Amino acid sequence: MTRIIALTAAVFLSLTPPLFAGDTPAPEGAEVYFVNLEDGATVSAPVTVVFGLKGMGVAPAGTDKEATGHHHVLVDRPPLGEGPDGAEEMNVGLPADDNHRHFGGGQTQVTLDLAPGTHTLQLVMGDLNHVPHNPPVVSEVITITVE
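If you use mature numbering (1 follows the signal peptide of the UniProt record, and there is no 0), the sequence shown corresponds to residues -21 to -1, 1 to 126, in order.
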């Protein structure tokens, strides 16, 4: 009986997709960037952010297709890979909260309602499970001032 349960569990787990890929390769030369914002810009709220991507495609979260991913915007937090959970966040799905905005539907722009003041933004491509590619496809961190 124990053998049947173990065999059933093994078959089930082999058919279940991994929760986190962690090692999804990034296409060589892939780049993500801000189309309409630059470091030091002063903007009015709400802030429209247009995502640019070169060398790979955009696909909704959960889509297992080579050389694709979906956008995330990091808001007011350390650059990807830095900070208290820096090393860990390179191998697990990014959280979904006010500092980690997910665009798993394949969106290529967003309008953010940011409070007046200084804010940092960084774009990060995630694989089908919201995990950064290897190597990570990230933009430079930019600082904007919202009036």
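Here a beta-carbon is modelled for each residue, glycine too, at the ideal position from N, C-alpha and C.
Only a predicted model underlies this, so the values are computations on that prediction, with no experimental measurement involved.
Quick one: what's got a C-beta closer than 6 Å to T124's C-beta in the same chain, skipping five residues either side?
Locating residue 124 in the sequence shown gives position 145, where the first residue counts as 1. Answer for T124: T21 and T97, listed in chain order.
Within the same chain, show all residues whose beta-carbon is closer than 6 Å to that of G84, passing over the 5 residues directly before and after it, in chain order.
Within the sequence shown, the letter at position 105 stands for residue 84. For G84, where only same-chain residues beyond five positions count, the Cβ hits under 6 Å are P39.
Unbroken alpha helix (DSSP H) run spanning E67, endpoints
On the sequence shown, residue 67 is found 88 positions in, with the first residue counted as 1. Where E67 is concerned, the enclosing alpha helix (DSSP H) stretches over G65 to E68.
According to DSSP, which residues form a beta bridge with Q88?
Looking up residue 88 in the sequence shown gives position 109. Answer is V29.
Cβ atoms of D106 and V48: under 7 Å apart, would you say?
Indexing the sequence shown from 1 puts residue 48 at position 69. Indexing the sequence shown from 1 puts residue 106 at position 127. Looking at the sequence shown, residue 48 is not Val but Gly. A contact, by the Cβ cut-off of 7 Å.
Anyone know if the C-beta pair for V116 and V11 falls short of 7 Å?
As a first step, residue 116 is located in the sequence shown; it is residue number 137 there, counting from the start. As a first step, residue 11 is located in the sequence shown; it is residue number 32 there, counting from the start. By the CB criterion at 7 Å, V116 and V11 fall inside the cutoff.
Taking the CB atoms as reference points, tell me whether T99 and D55 lie closer together than 7 Å.
Residue 99 sits at position 120 when you count from the first residue of the sequence shown. Residue 55 sits at position 76 when you count from the first residue of the sequence shown. Against a cut-off of 7 Å, the Cβ pair of D55 and T99 comes out as a contact.
Where D43 sits in the DSSP three-state scheme:
Position 64 of the sequence shown, counted from the start, is the residue given in the question as residue 43. Note: D43 maps to coil in three-state DSSP.
Counting C-beta neighbours from all protein chains within 10 Å, is the total for Q101 16 or more, i.e. buried, or is it exposed?
As a first step, residue 101 is located in the sequence shown; it is residue number 122 there, counting from the start. Q101 is buried by the Cβ-count criterion.
Assuming the contact rule is C-beta atoms closer than 8 Å, P58 and M35 should be a hit. Round their C-beta distance to whole Å, please.
Sequence index remark: in the sequence shown, residue 58 carries index 79 (1-based). Sequence index remark: in the sequence shown, residue 35 carries index 56 (1-based). Incorrect: roughly 20 Å between the Cβ atoms, too far for contact.
For L107, decide whether its Cβ has a neighbour in chain B, counting only Cβ atoms nearer than 7 Å.
Reference to chain B is not applicable here, since this structure consists of a single protein chain.
Unbroken beta strand (DSSP E) run spanning L100, endpoints:
The residue labelled residue 100 in the question sits at position 121 within the sequence shown. Segment G96 to G105, the beta strand (DSSP E) holding L100.
Rounded to the nearest angstrom, what separates A66 and G60 at their Cα positions?
Taking the sequence shown and counting its residues from 1, the one referred to as residue 66 is at position 87. Taking the sequence shown and counting its residues from 1, the one referred to as residue 60 is at position 81. Their Cα atoms are separated by approximately 6 Å.
CA-to-CA distance, D43 to L16, given in whole angstroms
Walking along the sequence shown from the start, residue 16 turns up at place 37. Walking along the sequence shown from the start, residue 43 turns up at place 64. The straight-line gap from Cα to Cα measures roughly 30 Å.
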